[in-house]
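Undergrad: Take this structure, written in structure tokens, and hold onto it; I'll ask about it next.
There are 2 protein chains.
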Amino acid sequence: MSEREAITGETAILSMSDDTIHSDLHERVRNEVPSHLDVTDVQYEGPDLVIYTETPREFARDDDILGTLAHALRKRVTIRPVPGTQSSPAKAKEVIHDVVPENANIQNLEFQSSTGEVFINAEKPGLVIGQRGSTVREITKEVGWNPEVVRTPPMESSTVNNVRNYLTQERAERRDFLANVGEKIHGSPDKDVDWVRVTTLGCCREVGRASFVLHTPNTKILIDCGDKPGAEGEVPYLHVPEAMPLTELDAVVLTHAHLDHSALLPLLFKYGYDGPIYTTEPTRDLMGLLQLDYLDVASKEGRTPPYASEQVRQAIKHTIPVDYGAVTDIAPDIKLTMHNAGHILGSATAHFHVGNGFHNIVFSGDVHYEPTRLFNGAINDFPRAETMFMESTYGRRNDFQADTDESEARVREIIRETYDQNGIVVIPAFAVGRSQELMLVLEEAMREDEIPTMPIYLDGMIREATAIHTAYPEYLRDGLRQRILHEDENPFMADQFQQVDGGQPMREEIAGDEPSIILSTSGMVTGGPIMSWLELLGPESNNTLLFVGYQADGTLGRRIKSGRTEVTLEGRANHLTLHCRIESVSGFSGHADRNGLEQYVKEMNPQPETILCVHGDDQATDQLSSALYQKHNIRTHQPKNLETFRFP
Amino acid sequence: MSEREAITGETAILSMSDDTIHSDLHERVRNEVPSHLDVTDVQYEGPDLVIYTETPREFARDDDILGTLAHALRKRVTIRPVPGTQSSPAKAKEVIHDVVPENANIQNLEFQSSTGEVFINAEKPGLVIGQRGSTVREITKEVGWNPEVVRTPPMESSTVNNVRNYLTQERAERRDFLANVGEKIHGSPDKDVDWVRVTTLGCCREVGRASFVLHTPNTKILIDCGDKPGAEGEVPYLHVPEAMPLTELDAVVLTHAHLDHSALLPLLFKYGYDGPIYTTEPTRDLMGLLQLDYLDVASKEGRTPPYASEQVRQAIKHTIPVDYGAVTDIAPDIKLTMHNAGHILGSATAHFHVGNGFHNIVFSGDVHYEPTRLFNGAINDFPRAETMFMESTYGRRNDFQADTDESEARVREIIRETYDQNGIVVIPAFAVGRSQELMLVLEEAMREDEIPTMPIYLDGMIREATAIHTAYPEYLRDGLRQRILHEDENPFMADQFQQVDGGQPMREEIAGDEPSIILSTSGMVTGGPIMSWLELLGPESNNTLLFVGYQADGTLGRRIKSGRTEVTLEGRANHLTLHCRIESVSGFSGHADRNGLEQYVKEMNPQPETILCVHGDDQATDQLSSALYQKHNIRTHQPKNLETFRFP
């Protein structure tokens, strides 16, 4: 998936043993490397093994050496030149511009002499990499520098820029951190793995505060650490002994960036955790965006945030990105593989291979099984997956969502009707996921004249989140990826999309203006600019409030959707009566519906032995677990928070 | 049950709130006590509240004062005289001998001036106490000393003597310990009790290493801590975070003394635990006996015992005895009540009342539901018991034991047949429980001439264990208690019982002698003198090896019972072929059979909502939990070790 993969010689290491290579590491590497190649030093860098050499050019000449080494050493291997063995940056720059096709559009080069890496920022990174990595290898052969290829996002994203700049700035400290993590990962497990356990710290018989501890005799891993929308006091049970002390966690795995999975991750660093977070690269960036917003919303609402922005930076600094499908050692007895979950950008299903073939546990995270406009459908194809923790948001007997085509038609109809009444359609939406889906629907509808072309205002972090999507097109659905990479076809850059960047005066102006469409956060009407829109547009009967996403228990969104028209907005004195039209269209969820959840399980091969239904309310988890048991004869559980299950 | 109860004014406090009385304790006591009575000091002593007074005689005059205080303060209350307010020991001795009827047979008096207590050792303690405590109150009124009445056992028991002497010697340290424990128990709970959890550390889908952690937001309690017969390496999972650090456990509760429940309790003290063990008085003594023997056997077999005898003493010193039926605060949010379990001497079912009416959890411990010759049947009458952890030793579909009358007849028949062949019957038996049951059967059979009178040799700790039984007749079945208290009817003191106290030479002599019956430990043929008996008697076809108790998986007893006649005795060079007759008679188990387990549940009122079947092998727990679910519509689980269940 990632550009890096092509040059690190990754190979399938799922079924290999955890034979320690630590004590005699240098010697073992030396033995595997042909004698004409120099091995000056060998170091761990997180899950990877880095070989420093005075002969980087000769390494690059051997097409197979990385694959051979990875297989022999049972690690992912990266080659780095010993400082001083490379051409000068000036000379190297010349060669790189020579070797790389011009239409790759190299934006800038950054030479890191401490690691021997050259960061090549380009609009078309694929052209820098070349067929199976041939161009980057050519560069190394010529100049001795190790190219790290980075995509210049087509839409500028301050989040992406900030994260990249911050990581560059923290590079030295991060190298120490990665070396430390590497030492731990590649040590021998102390004890035989004769059990693996999962403790539920949240999101059982509820939607929100996802958090689990996965525990073997050697290792303790936290999976997700979210908040609960509409119930700020209900945080994951981190203080129980299964999780404490947090400093003894070996790793954290984050399935995706939504706050009900990520909001409280920075808290771990406040309490002394300093280990890695494994997640995808886009999730790292989105999580930073959403966590900072979480702090912002909390302080605006007069709550004391549980941590500060410094801890968000800590979380980012401690993130080790993993690509979909890449098997990664994260502990001496655990290999992690993340797979596309189809839910939001970078969202993943986390597959844990525990022990040397002892057991496999999958955490579905939030999944969408069918492909959507944005993403390919969730992967449910695991070589082995005896146990699965499965989301059940729409697990109720009748939780069937409308067909997407019908849903889109209904949205267009509502927009046309509101337009005809000279009204404005306001859509509460998660900044991440549903907003981009709707943007694609609306852009297409206007392009094809199915609705009148009118301004589509993006309020809150929607534009920024969209820019992050364009920075990681590899994570988008196949066709969409191509369109984004051609600037004039990038649907997110259509003219009608306008950022609400003028605060309340701009909102008032928009509210008094011609018909338009507004996408605004938060998606469950629990805070953020949607509150202003409610105040401005709610009292007028020609406007429409349109729900397209899941509204959790206890949120204002749920109350309004259920028919409540008298609302009091927190932090605002005025009581408000909604006279606007209130509509709800299903079919845009980032979650599989009941049918999708059943299909997901049904089409697994082999089927899991045990499924634990979580991330759904009492009825949803109960009804889904009963159905899976009855229809598929799989042992199912409906866990409570604070329980521990042992496998196998 | 106990003599002490009569003078501590205990009352039912099950449903009362945990209102703290700590900060203003002295004042509150002062307010409740009539003004003519002095309150010099108020102290906690474990679960009890002790009032020190200069007017002990006046307190004793008021029949109701203790009950009134206990009710008002919601604590068990004891009154102690301030030193110096009592008559001299000489004068007091005179008065006591005056007041107590002569046939109480006072053996000796011991004055403890530090506590104002006088220990009255008597053969008939009931006569010292008098009707509803009238005689002891009379003593206090006259002399100001507080009588503590102790039974002189009819059979001398070195265990009972040693424990009592040791506790007397450690009295000062114990008082500090009890004061500490009291402070903790009677503090306010820090957090609301909105959950209670149980983690299984052993004895799930297996028989052995019983151990559970009961956990609330404020409190962590360990229940039992046993070994696993036939699998010495398999100890409870004490190292998991739910139990660690052991120093943070608030209390330990022991259901009964058998090693599969008690063997590893002393280990806790090795790892720094210094809190209380709650159990019955006879369990305390039996546990000491069995643990010391456990150390002895381990070192004889060349294993390194996991702890030393010093830790056994620690365990005894930290034991706070509780009587059957007495509701006892053991933490700010937990009340414990132990009930007769009918299994062995002092065996208990532990009922935990959690929070202020929040939830009730019962650990059955090992139960025998029907009365036996030795014990009344297990109590299953709880005001509330929403959740029950239930033993399932004989939980299999066909685990029905023979009728007791038939079993006894069969034993007599086997004995007669062996006698007629001039052979010896050797019966492997637990020192505690089955041995005494058999002694009663054999004594009666000889007395009634149903079998020839012949020597019955007791090898191992059987005699000592029997003596402990006679020290606690209140814990025996009603009729038996009376017989033990009349020396000439005490069945355990019949002439034919002879201790094997001459070691191997005596065994060889017995083996070469006339027909006899031998009861010898260990009950599952895993070590101890039974190994010598196998060697001496097993090769001869006129002898009989008779199994009457449960033989766990992995034990030599199980293998022989299943038909194996070629055995190798550990630590002995010789291979052995058994030619003796091998018989097995069920119906003497200390465990309820499948029918008894079902009846136990069926007759509960109200029925528990959830039953977790433990302490049985895979099949037994599976089949019992299925049956209870299907027949009684109770939610059942078949836990694994290392799982955590949350209630309600």
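Going down the list, the sequences are from chains A and B. Position in the first sequence (first residue = 1) + 737 = this note's numbering. Position in the second sequence (first residue = 1) + 737 = this note's numbering. Glycine included, each C-beta is placed from N, C-alpha and C at the ideal position.
Under 7 Å between C-beta atoms, does A/Lys1377 make it to chain D?
TA: Here the protein chains are A and B, and chain D is not one of them.
Undergrad: Kindly list, in the order they appear in chain B, the residues whose Cβ is closer than 8 Å to that of A/Glu1380.
TA: In the first sequence, residue 1380 of chain A corresponds to position 643, counting from 1. The contacting residues are Arg934, Glu1380, Thr1381, Phe1382, Arg1383.
Undergrad: If I'm right that A/Ile1371 touches A/Pro1345 with Cβ under 8 Å, what's the distance once you round it to whole angstroms?
TA: The residue you call residue 1371 of chain A lines up with position 634 of the first sequence. The residue you call residue 1345 of chain A lines up with position 608 of the first sequence. The Cβ separation is near 6 Å, so the contact holds.
Undergrad: Measuring CA to CA, which of A/Cys1350, A/Asn1311, A/Ile1161, A/His1316 is closest to A/Thr1302?
TA: Walking along the first sequence from the start, residue 1302 of chain A turns up at place 565. Comparing Cα-Cα distances from A/Thr1302 to each of A/Cys1350, A/Asn1311, A/Ile1161, A/His1316, the minimum goes to A/His1316.
Undergrad: Determine the direct distance from the alpha carbon of A/Phe1284 to that of A/Lys1298, and round the result to whole angstroms.
TA: Locating residue 1298 of chain A in the first sequence gives position 561, counting from the first residue. Locating residue 1284 of chain A in the first sequence gives position 547, counting from the first residue. Each residue's alpha carbon lies about 8 Å from the other.
Undergrad: What's the C-alpha gap between B/Lys957 and B/Lys1007?
TA: The residue given as residue 957 of chain B occupies position 220 in the second sequence. The residue given as residue 1007 of chain B occupies position 270 in the second sequence. Distance between the alpha carbons of B/Lys957 and B/Lys1007: 19 Å.
Undergrad: Here's the rule: buried if 16 or more other CB atoms are within 10 angstroms of the residue's CB, otherwise exposed. What is B/Glu1180?
TA: Along the second sequence, one-based indexing puts residue 1180 of chain B at 443. Buried, because 16 or more other Cβ atoms sit within 10 Å of the Cβ of B/Glu1180.
Undergrad: Would A/Met1024 and A/Ala994 qualify as a contact pair, given that the criterion is a beta-carbon distance under 7 Å?
TA: Taking the first sequence and counting its residues from 1, the one referred to as residue 1024 of chain A is at position 287. Taking the first sequence and counting its residues from 1, the one referred to as residue 994 of chain A is at position 257. Against a cut-off of 7 Å, the Cβ pair of A/Ala994 and A/Met1024 comes out as a contact.
Undergrad: Give me the subset of the stretch 937-971 of chain A whose CB atoms are less than 7 Å from a CB atom of chain B, sorted by chain position.
TA: Under the 7 Å Cβ criterion, the stretch 937-971 of chain A contributes no residue.
Undergrad: Looking at the C-beta of B/Glu1211, does it have a partner C-beta in chain A at a distance below 7 Å?
TA: Translated into the one-based positions of the second sequence, residue 1211 of chain B becomes position 474. Output row for B/Glu1211: interface = no.
Undergrad: The alpha helix (DSSP H) spanning A/Phe796 covers which residue range?
TA: Taking the first residue of the first sequence as position 1, residue 796 of chain A is located at position 59. Unbroken alpha helix (DSSP H) run through A/Phe796: 793-798.
Undergrad: Just to confirm the assignment, what range does the beta strand (DSSP E) spanning A/Asn883 have?
TA: Your numbering for residue 883 of chain A matches position 146 in the first sequence. Element bounds for A/Asn883: 883-888.
Undergrad: Across the stretch 1175-1189 of chain B and the stretch 1224-1243 of chain B, are there enough close Cβ pairs to call them in contact, namely three or more that are closer than 8 Å?
TA: With the cut-off at 8 Å, the stretch 1175-1189 of chain B and the stretch 1224-1243 of chain B touch.
Undergrad: What residue range is occupied by the uninterrupted alpha helix (DSSP H) comprising B/Phe1006?
TA: Within the second sequence, numbered from 1, the residue matching residue 1006 of chain B stands at position 269. Start and end: 1002-1007.
Undergrad: Quick one: give me the first and last residue of the beta strand (DSSP E) that B/Asn898 is part of.
TA: Within the second sequence, the letter at position 161 stands for residue 898 of chain B. Not the beta strand (DSSP E): B/Asn898 falls in the alpha helix (DSSP H), residues 895-906.
Undergrad: Would A/Gln1288 be called buried (16 or more neighbouring beta carbons within 10 Å of its own) or exposed?
TA: Taking the first residue of the first sequence as position 1, residue 1288 of chain A is located at position 551. When all chains shown are included, A/Gln1288 counts as buried.
Undergrad: Going by DSSP in three states, B/His1312 sits in which element: helix, strand or coil?
TA: Start at 1 with the first residue of the second sequence, and residue 1312 of chain B comes out as number 575. Three-state result, B/His1312: strand.
Undergrad: Spell out whether any CB of chain B is found under 7 Å from the CB atom of A/Glu885.
TA: Working through the first sequence from its first residue, we reach residue 885 of chain A at position 148. Chain B, which has no Cβ nearer than 7 Å to the Cβ of A/Glu885, makes this no.
Undergrad: Any heavy atom of the ligand MG closer than 6 Å to the beta-carbon of B/Val1064?
TA: Looking at this structure, you won't find the ligand MG or any other ligand, since it has none at all.
Undergrad: Helix, strand or coil for B/Phe914, going by three-state DSSP, please let me know.
TA: Residue 914 of chain B sits at position 177 when you count from the first residue of the second sequence. B/Phe914 falls in the helix class under three-state DSSP.
Undergrad: Would you decide whether B/Ala829 is buried or exposed? Buried here means 16 or more other CB atoms lie within 10 Å of its CB.
TA: Taking the second sequence and counting its residues from 1, one reaches residue 829 of chain B at position 92. Per the 10 Å Cβ criterion, buried.
Undergrad: Given A/Glu985, which residues of its chain have a CB within under 7 Å of its CB, disregarding the five upstream and five downstream residues?
TA: Your numbering for residue 985 of chain A matches position 248 in the first sequence. Once the five neighbours on either side are set aside, the close Cβ partners of A/Glu985 are Lys957.
Undergrad: Three Cβ pairs or more, each shorter than 8 Å: is that satisfied between the stretch 936-943 of chain A and the stretch 1030-1047 of chain A?
TA: Touching, no.
Undergrad: Please list the partners that A/Val979 has in chain B, where partner means a Cβ-to-Cβ separation under 7 Å.
TA: For the purposes of this step, residue 979 of chain A is identified with residue 242 of the first sequence, where counting begins at 1. Before going on, a small fix: residue 979 of chain A reads as Glu here, not Val. Going along chain B in sequence order, the residues near A/Glu979 (Cβ under 7 Å) are Pro978, Glu979.
Undergrad: Do B/Glu1320 and B/Ile1151 have their CB atoms nearer than 7 Å?
TA: Position 583 of the second sequence holds residue 1320 of chain B. Position 414 of the second sequence holds residue 1151 of chain B. Result yes, Cβ atoms of B/Glu1320 and B/Ile1151 sit closer than 7 Å.
Undergrad: Can you tell which of B/Pro1013, B/Gly924, B/Ser851, B/Tyr1366 has its C-alpha closest to the C-alpha of B/Val1059?
TA: Looking up residue 1059 of chain B in the second sequence gives position 322. That would be B/Pro1013, whose Cα lies nearest to the Cα of B/Val1059.
Undergrad: When you compare only the Cα positions, how much space is there between B/Glu1226 and B/Val832?
TA: Working through the second sequence from its first residue, we reach residue 1226 of chain B at position 489. Working through the second sequence from its first residue, we reach residue 832 of chain B at position 95. For B/Glu1226 and B/Val832, the distance between alpha carbons rounds to 32 Å.
Undergrad: Rounded to the nearest angstrom, what separates B/Tyr974 and A/Val855 at their Cα positions?
TA: If you number the second sequence from 1, residue 974 of chain B lands on position 237. If you number the first sequence from 1, residue 855 of chain A lands on position 118. So the two alpha carbons sit approximately 51 Å from each other.
Undergrad: Looking only at its own chain, which residues have a Cβ that is under 8 Å from the Cβ of A/Pro1108, when we skip the five neighbours before and after it?
TA: Counting from 1 along the first sequence, the entry for residue 1108 of chain A is found at position 371. Correct list, in chain order: Gly1079, Gly1114, Arg1214.
Undergrad: Pick out the complete alpha helix (DSSP H) segments inside the stretch 811-891 of chain A, 4 residues or longer, and give them in chain order.
TA: Entirely contained in the stretch 811-891 of chain A, the alpha helix (DSSP H) runs reaching 4 residues are, in chain order, 826-836, 862-866, 871-880.
Undergrad: For A/His1374, collect the residues of the same chain with a Cβ closer than 6 Å to its Cβ; drop the 5 residues on either side in sequence, then sort them by chain order.
TA: For the purposes of this step, residue 1374 of chain A is taken as residue 637 along the first sequence, with counting starting at 1. For A/His1374, where only same-chain residues beyond five positions count, the Cβ hits under 6 Å are Leu1349.
Undergrad: How about the stretch 1349-1362 of chain A and the stretch 1124-1138 of chain A: do they share at least three Cβ pairs that are nearer than 8 Å?
TA: Taking 8 Å as the limit for Cβ pairs, the verdict is that the stretch 1124-1138 of chain A does touch the stretch 1349-1362 of chain A.
Undergrad: Under the three-state reduction of DSSP, which class applies to A/Thr1141: helix, strand or coil?
TA: As a first step, residue 1141 of chain A is located in the first sequence; it is residue number 404 there, counting from the start. Of the three classes helix, strand and coil, the one that applies to A/Thr1141 here is helix, per DSSP.
Undergrad: DSSP beta-bridge partners for B/Val1304?
TA: Here residue 1304 of chain B refers to the residue found at position 567 when the second sequence is read from its first residue. Note: B/Val1304 sits in a beta bridge opposite B/Leu1313.
Undergrad: List the residues that DSSP assigns as beta-bridge partners of B/Pro1058.
TA: Looking up residue 1058 of chain B in the second sequence gives position 321. Note: B/Pro1058 sits in a beta bridge opposite B/Thr1016.
Undergrad: Would DSSP call A/Ile1152 helix, strand or coil?
TA: Here residue 1152 of chain A corresponds to residue number 415 of the first sequence, with the count starting at 1. Residue state, collapsed to three classes: helix.
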